[in-house]
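Written below as structure tokens is the structure these notes are about.
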Amino acid sequence: MSLLAVRDLTIALPKGADRAHAVEAMSFGLEAGEILCIVGESGSGKSVSTGAIVGLLPSALAVTAGSIVFEDRNLLGLSAAEMRLLRGNRIGMIFQEPMTALNPLMRVGDQIAEALKVHGAADSEGRVRELVEAVHLPDPDRIVHSYPHLLSGGQRQRVMIAMALALEPSLLIADEPTTALDVTTQMQILGLIKEIQSRRGMGVLFITHDFGVVAEIADRVVVMQHGRIVESGSAEQVLNQPQHAYTRALIAAVPHRARAIEPPASGRPVLELVSVRKSYLRRGGLFSPHVRVPAVQDADIELRQGETLGLVGESGSGKSTLARCIVNLAKPEEGAIRFHDTDLRRLARRHWKPFRKRIQMVFQDPFASLNPRRRVGEIIAEGPMAHGTPRAVAESKARELLSLVQLDPSAAGRFPHEFSGGQRQRIGIARALAMEPELLIADEPVSALDVSVQAQILTLLEELRQRLGLTMLFITHDLRVAAQVCGRVAVMQRGIIVEQGQTSEVFSNPKHPYTQSLLDSIPGRHWLPPVTR
Amino acid sequence: MPKLTRRALARTGLAAGGWAGIGGPMLTSRLAYAQTPAVAPKKGGTLTTILTPEPPVLVLGVNNQGPTQLAATKIFQGLCQYSFDLKPLPQLAKSWTISDDGKTYTFKLQENVKFHDGHPMTADDVIFSIMKFHMELSPRAKPIFANIKEATAPDPLTVVLQLERPFEPFMLMFDATACAIVPKHIYDGTDYRTNPQNQKPIGTGPFQFVEWQRGNFIRMKRFDRYWTTGEPYLDEVIYRIIPDSQSRALALQTGQVQLTQANDIEPFDVPRFRAQPNLEVELKGWEYASQLAWIEINHRVKPLGDIKVRQAINMAIDRNFIRDRLWFGIGKQATGPICSTTKFYDPAAAKLAPHDPKKAAALLDEAGYKPDAKGVRFTIKHMPLPYGEVWTRLSEYFRTSLKAIGIEVVLETADAGAWARRIGDWDYETSVNFLSQYGDPTLGVERSYVSTNIKKITFTNTGGYVNPKIDELFTTARESSEPAVRQKAFSEAQKILCEELPQIWLLELAWPTIHDKKLHGVIQTAMGPNSSFDNVFLA
Amino acid sequence: MGGAPLFRFVLQRALKMVVMVFAIITANFLLVHAAPGDPASVMAGEAGAADPQFMAQLRAQFGLDKPLSTQLWLYLGHVAQGDLGMSYRQQRPVAGLIMERLSATLILTGSAFVIAIFGGIALGALAARKVGRFSETLITILALGLYATPIFWVGLMLVLIFSVWLDWLPSFGMNTVGADLTGFAAAVDTLHYLLLPALTLGLFYMAVYARLTRAAMLEVASQDFVRTARAKGVPEGRVQRHHILRNALLPVITVAGIQAGQLIGGSILVETVFAWPGIGRLAFDALLARDYQILLGVFLVTSVLVLVFNLITDLLYAWIDPRVEVM
Amino acid sequence: MNRFAGEFAATFLRNKGAVAGLGVLVLVGVVAATASLLFPFSPWDMRGMPFAHPGEADMLLGGDSLGRDVAAGIAYGARVSLLIGAVSTLAAVLIGISLGAIAGYAGGSVDDAIMRFTEFFQTVPSFLLAVVLVAIFSPSIASIVAAIAIVSWPPVARVIRAEFLSLRSREFVHAAEVLGRSRAAIIFREILPNALSPIIVLASLMVASAILLESGLSFLGLGDPNLMSWGFMIGAGRSVIRIAWWMSVFPGLAIFLTVLALNLVGEGLSDALNPRLARQR
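In order, the protein sequences belong to chains A, B, C and D.
Okay, so the first sequence: first residue is 1 according to our numbering, each after it adds one.
Okay, so the second sequence: first residue is 1 according to our numbering, each after it adds one.
Okay, so the third sequence: first residue is 1 according to our numbering, each after it adds one.
Okay, so the fourth sequence: first residue is 1 according to our numbering, each after it adds one.
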């Protein structure tokens with residue numbers, strides 16, 4: 001008998017949604033001691049199905065058919081009170097966003113103790129400490145008495161795991177538990193989950209969109225698309241011999257093609273950063289004075305005509321700040337930012353204007369980077385118009401650009417919210433290209449996108465770069481992406497560029513230990529996706 | 001009905017012994033009022049009543065506002081008080097004589113009068129109060145007391161005032177509200193306004209000050225060494241400060257207070273209280289004050305200087321409506337510049353044109369003020385009196401009445417501060433005003449009409465009316481010591497003023513005094529609730 | 001929060017408050033003196049007669065004959081020494097006048113605040129808990145209704161019901177005069193008088209806090225940590241109280257802090273209806289009589305009260321929310 | 001605004017309270033607009049006996065202490081109340097938006113200065129300040145509107161500032177900056193339109209509180225004496241409440257309904273403009 005057996009689970013979406021069911025006829029089993037990954041892109045129904053298992057579906061959704069048998073009991077037949085007794089007791093859960101998943105007003109220790117208390121277990125301090133130690137949190141005594149905001153994301157996720165494990169559940173449901181974490185942290189958390197799972201023989205239901213993570217952790221895999229399971233099997237099998245077209249497409253989209261080694265760019269330097277320094281004044285709290293926090297320290301970068309430089313680092317490494325300094329969204333305190341032979345840092349706002357045409361930027365969040373109240377056509381045309389292009393010219397150009405980024409020119413009359421994330425990112429790219437820039441700065445342009453869309457955008461950028469001869473600064477936290485896109489990379493850690501050089505050189509022979517640890521943390525780094533097609 | 005106790009009778013009887021003069025046999029009226037006492041006086045009890053708005057201080061002279069007078073007359077007393085027909089009655093003065101030339105006034109004081117701090121009251125205190133205290137503090141008393149050539153005290157209980165010129169209404173200046181007797185030993189040589197004792201006033205009255213919680217209440221208790229033995233009857237008098245008129249009415253209705261006076265109760269509530277069986281509503285007691293309300297007109301503003309315009313306005317207004325609908329029958333329609341309760345009122349001379357809007361419109365047509373397309377002849381501004389709701393209603397009625405004859409009235413609200421300033425600065429077109437007449441036209445009427453009193457000060461002839469004949473008539477009346485001569489002058493003045501209408505007189509005000517029927521002796525003189533309450537009792 | 005940083009914080013805030021208070025005094029001084037009419041003319045009006053000499057004498061006595069800037073300078077100097085000046089009309093130190101009546105206002109607004117905050121949070125929490133049910137609708141309607149009714153109107157209706165019809169509670173004043181009660185009896189007596197005005201003032205703000213609490217709870221209920229709590233198997237009641245309500249209180253506290261001033265302002269109306277001897281009424285009467293010193297004093301005292309209240313709110317916030325310290 | 005508007009309308013219309021509120025507001029608006037047709041005479045005209053009971057002398061809602069028609073007063077008063085509510089709110093919103101936008105966009109010491117200024121207005125009790133302002137500049141519709149606007153802009157400034165602070169760091173604003181657009185274009189074309197939805201909600205509530213504030217001022221005798229407003233009517237009627245309850249009950253009801261309606265509409269707007277929260281209802 002399986003630990004968990006889901007049969008023909010069907011969950012209806014409310015009327016007016018884009019499809020009838022969030023999950024349709026879903027069946028799978030999970031054995032004790034096994035890690036099952038449910039993989040799918042956003043909207044595939046993978047999270048909804050776990051909600052049904054633990055009885056925490058949003059009120060708008062309802063299970064219309066199927067059964068969920070856990071430890072010989074059909075969970076769908078249990079009352080809310082009975083479900084509550086199972087949750088946190090027999091079934092533990094961890095979620096995606098560690099930053100918001102803990103009650104900010106409760107001490108960490110109290111939150112762990114609460115998990116024990118509500119199920120009638122002894123909530124002694126000793127037990128809480130034990131749990132904290134079990135998830136390898138440093139300085140358990142301090143952590144137990146800390147409030148969540150003092151902990152890093154990885155630490156919080158460990159607290160979540162400690163809480164989920166408090167009563168030694170037989171089933172752990174992990175819903176994208178590492179998605180919001182940096183790669184190095186992600187690797188540690190994955191290791192921890194695996195360690196605990198093998199020690200306790202739990203069944204783990206692991207939701208993810210990342211095939212790298214799957215390769216890292218899964219015993220078996222279920223692939224979902226549009227609420228249906230399209231393929232399932234052992235990890236080995238699904239990863240290396242995917243059967244379903246969708247699975248194959250997903251795997252193919254994982255960036256893996258190392259860029260062909262190019263000769264070092266020999267053009268004249270477009271952009272030179274010399275000893276750029278930028279710090280932030282962090283507002284003190286009620287009781288503490290303001291603090292100056294360095295964000296970028298002594299950054300030196302040279303970017304030559306036609307090359308793509310990758311700026312790689314984890315969150316908080318200062319890579320985005322550096323990009324913002326280049327386009328004058330942030331004012332560096334020291335150093336020079338030479339664009340051709342002009343030091344941009346010293347320019348006043350109005351003298352900056354001519355350079356706006358020449359340096360453009362693509363942003364990370366396709367939802368936040370387009371003004372929701374403006375039509376797409378206006379969004380693209382407004383840049384050139386601000387620089388004197390007549391409206392009619394700018395608008396017809398906007399339609400051309402829409403075709404260039406493979407959107408229908410009729411999109412010009414619509415609003416951003418009518419488009420998907422990938423489409424919006426294309427609009428963002430079109431907006432930047434409308435200025436006909438020499439230098440394009442792409443700040444994590446694909447990190448908010450699903451893998452398949454990510455691949456399309458990367459391909460588009462590469463095509464455009466070659467066609468238009470763009471020089472590009474590409475900022476990313478994803479080493480796979482960097483490897484695919486960039487000729488050279490610079491690795492940043494805590495505001496300092498620790499290493500830079502040819503991509504192949506840096507990745508195959510890292511000089512700096514941090515670069516090494518980044519490379520070691522690439523999920524599924526030992527797995528080479530099969531080249532289909 | 002007002003009652004007079006045996007004690008009071010004995011006192012007045014004593015005073016009746018052989019004093020004569022122009023003041024004449026002054027006791028008749030009070031005696032006439034002394035009807036059979038229905039209830040025997042009883043000692044004890046607390047009278048809770050209302051004061052609104054809260055006075056700034058309780059020393060008469062330092063402040064002479066209405067509420068101050070109400071409360072402070074229990075603490076301070078004057079030399080005399082007045083009967084309903086304005087004859088002087090003794091208070092701190094036991095008796096008085098006036099020389100035949102009308103220039104020498106001799107007052108005999110009551111014996112055994114003590115201030116609340118135990119000091120005996122003597123002629124020195126009286127002379128100090130008249131010649132220094134009120135002379136400095138009271139703009140009303142100053143010009144009259146300035147006429148005193150010499151004040152002397154032949155003995156501690158006699159005061160002799162020697163006037164420069166005879167002044168017939170002089171005896172009307174000696175009640176507590178006009179000239180309260182204050183302790184010389186406390187005030188002499190100090191700044192009267194800032195004397196710390198002002199916060200804990202000391203007088204000779206039947207009640208002594210105990211406690212004042214600002215915004216809440218003023219408490220006074222019986223003064224045990226009061227100069228009339230056995231009085232006062234009440235143990236305590238409490239004035240509660242209740243700013244909201246409905247709360248005041250409710251307090252009276254529920255018996256939380258036993259007495260309301262002055263403007264405590266809005267006129268429209270009075271019928272209700274008349275119907276309440278345990279309460280009694282009295283309208284007498286304001287004969288000395290005799291307040292006359294009018295539409296204040298600034299003659300400098302066109303076309304208000306035009307006599308025809310004023311006559312038209314006069315005819316546009318229905319005084320019966322004002323009395324019956326706004327004041328709910330309280331008060332009396334004005335017939336001229338002098339109240340019917342004031343001396344020298346002449347019913348034959350004081351005749352105003354009756355309410356007649358048609359004639360009013362015709363008069364305006366005739367004077368050349370033709371209505372425009374919207375029916376408006378001209379627009380004037382009007383500043384309502386900021387003393388309560390009924391005055392606002394009055395101004396609204398004024399606006400409606402004038403609209404009917406084609407005069408547009410725009411109201412401009414001013415609070416008490418702004419109102420007083422703007423009237424004093426002549427910065428108004430029309431407003432409403434009411435003034436006390438203090439029993440004699442020379443004291444309270446003349447000031448509003450003579451050209452010599454056109455000043456940038458409130459309660460002068462702020463409207464700027466000028467008529468030499470009127471100036472002459474009032475001067476004659478002021479300077480003559482012959483009542484007949486004075487009457488003639490006043491009669492003629494009333495006739496002229498009723499034709500020229502320098503102001504549009506509306507109503508002789510009366511203020512309802514409403515009290516629990518258990519409370520006796522509230523209204524006995526023309527001072528009404530401003531009397532000392534020494535013989536008021538609960539039974 | 002440790003001792004030293006707390007001390008430094010309070011010190012900094014105190015400095016800021018002093019600057020703010022002087023700015024307020026200056027602005028109000030200029031505003032109040034822009035009013036037409038001065039105390040001398042009002043007093044002359046009240047005296048029933050006046051002459052120019054008398055007026056000039058009054059103005060000289062009050063210092064109103066000096067240039068405005070000199071008057072302001074003198075006033076600021078006095079305030080810095082803790083002297084709020086003399087009331088023109090009452091001839092008493094303003095500080096004393098205000099102090100006499102401040103406690104009445106504090107009692108009134110304090111109890112109103114307690115009624116408002118506890119009642120409001122309770123009702124709001126209940127409404128959030130019962131979303132979509134009848135009791136939620138009832139609470140929402142009640143809150144909206146109270147929110148939409150003029151405050152003095154509520155006062156009048158309460159008086160009509162409880163004083164006139166039922167005769168349970170006195171309709172005006174603050175205590176039974178002459179009863180000479182002390183200790184507990186006096187407190188009970190005052191409580192009798194306090195009930196209606198405090199309720200009148202409190203109900204409006206109760207509606208505000210109820211709405212706010214409900215909204216905040218719904219907002220918090222959608223946050224991740226609530227899902228975490230449920231996933232731990234925490235019972236619903238505990239989820240509501242320990243996780244949702246505690247977090248939802250933060251915005252309520254913020255708003256309550258900001259509204260402290262409004263509560264004092266609103267007490268003018270309530271003090272008028274119930275003849276409550278507080279400073280709101282004092283200020284209004286002073287305004288009508290152009291008694292600048294009192295008016296300025298009331299502005300000063302209420303501003304200080306508001307600032308102190310804001311400080312308390314911030315400290316309370318910091319005490320409840322551990323994040324504030326390092327924000 | 002095709003789909004935007006459609007979704008907005010749909011969410012709004014789902015909220016029964018908001019629809020009812022809108023209905024009441026429309027009714028009040030219609031009565032205000034047609035007052036001179038419904039009652040072709042001045043609301044100050046004396047039409048019958050003082051204190052005529054409702055229904056007497058052709059006065060549906062009775063007469064007041066001078067025999068003026070209460071119903072006419074309410075109809076004409078609707079104009080004044082709505083006018084005062086709308087104009088003062090508009091003024092407050094304009095002040096608040098300007099200051100809040102400058103503070104939020106400029107940041108730094110400008111922000112500090114403006115926020116101190118705002119705090120200043122929030123420190124002085126607002127009703128007290130309104131009373132003083134109206135008293136000093138003598139009660140008239142202009143001074144009342146100005147006073148209400150002066151005491152009610154700070155929340156707008158705070159909200160706008162907060163929105164600006166958050167929107168300023170949004171990527172589409174950065175994009176506009178990188179495109180080289182002018183500051184004015186960024187403020188007015190990019191940020192402001194996105195900051196308005198909380199202001200729309202706030203404004204509907206501010207109109208409501210302005211009407212309440214006006215009635216409070218009138219209650220203290222600080223209303224415009226030349227305009228028939230609901231606050232004035234209550235002020236005039238409350239003292240005779242035992243004789244003529246209808247004089248204060250009906251205008252009180254008018255205020256109550258209008259303010260309630262505005263609040264309901266405000267909530268509906270809030271839900272429709274923040275669909276995420278609305279779904280939880």
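Just so it is clear, CB atoms sit at the ideal spot from N, CA and C, and this is done for glycine as well.
Just so you know, these numbers come straight off a predicted model, no measurement behind them.
Annotated as proximal: VAL270 (chain A) and LEU439 (chain A), with beta-carbon spacing under 8 Å.
Check the Cα spacing between GLY202 (chain C) and each of C:SER171, C:SER163, C:VAL164, C:ILE264: the tightest is with C:ILE264. Approximately 6 Å separates the beta-carbon atoms of ARG377 (chain B) and ILE407 (chain B); this is inside 8 Å, confirming the contact. The continuous stretches of beta strand (DSSP E) do not include GLU412 (chain B), and DSSP gives it neither H nor E. Put simply, of A:LEU85, A:ALA164, A:GLY33 the residue whose alpha carbon is nearest the alpha carbon of VAL132 (chain A) is A:ALA164.
Per the DSSP secondary-structure output, ASP443 (chain A) pairs in a beta bridge with A:ILE475.
Looking from the CA of ALA368 (chain A), the closest CA among D:ARG183, D:VAL173, D:VAL207 belongs to D:VAL173.
Contact check for GLY285 (chain B) against LEU507 (chain B) fails: the beta carbons are separated by 8 Å or more.
Counting the other CB atoms within 10 Å of its CB gives THR308 (chain A) a total of 16 or more, which places it among the buried residues. The alpha carbon of PRO445 (chain A) has as its nearest neighbour, out of A:ALA434, A:PRO437, A:ILE427, the alpha carbon of A:ILE427. Closest option to PHE232 (chain D), judged by alpha-carbon separation, among D:TRP44, D:LEU37, D:VAL28, D:VAL201: D:TRP44.
In its chain, beyond the 5 residues on either side, THR73, GLN81, GLN524, THR525 have a beta carbon closer than 7 Å to the beta carbon of SER531 (chain B). Annotation for ILE496 (chain A): GLN297 place their beta carbon closer than 6 Å to its own, counting only its chain and skipping 5 residues before and after. With a beta-carbon spacing of about 5 Å, LEU171 (chain A) and GLY203 (chain A) fall inside the 8 Å limit used to define contacts. Here the alpha carbon of GLY266 (chain C) sits roughly 6 Å from the alpha carbon of PHE127 (chain D).
Residues of the stretch 114–148 of chain A with a C-beta atom less than 7 Å from some C-beta of chain C are GLU114, ALA115, VAL118, HIS119, TYR147, listed in chain order. Going by DSSP, GLY145 (chain C) is part of no beta strand (DSSP E) but of the alpha helix (DSSP H) stretching over 134–148. When DSSP states are grouped into helix, strand and coil, TYR369 (chain B) belongs to the coil group. For ASN263 (chain D), the nearest CB of chain C lies under 8 Å from its own CB, placing it at the interface with that chain. For the 8 Å CB-CB criterion, GLY439 (chain B) and TYR288 (chain B) form a contact.
Around the beta carbon of LEU262 (chain D), a 10 Å sphere encloses 16 or more other beta carbons of the protein chains shown; the residue is thus reported as buried. DSSP places MET206 (chain D) in the uninterrupted alpha helix (DSSP H) bounded by 192–219. For GLY203 (chain A), the beta-bridge partners assigned by DSSP are A:LEU171. Residue state for ILE193 (chain A) is assigned as helix, using DSSP reduced to three classes.
ARG47 (chain D) sits buried, since 16 or more C-beta atoms from the chains shown fall within 10 Å of its C-beta. A Cβ-Cβ distance of about 55 Å is found for the pair PHE164 (chain D) and GLY67 (chain D), leaving them out of contact under the 8 Å criterion. Residues of the stretch 409–434 of chain B that bring their beta carbon within less than 9 Å of a beta carbon in chain C comprise ALA414, ASP415, ALA416, GLY417, ALA418, TRP419, ALA420, ARG421, ARG422, ILE423, GLY424, ASP425, ASP427, in sequence order. The residue among C:ALA198, C:LEU166, C:LEU160, C:TRP165 with its C-alpha nearest the C-alpha of MET174 (chain C) is C:ALA198.
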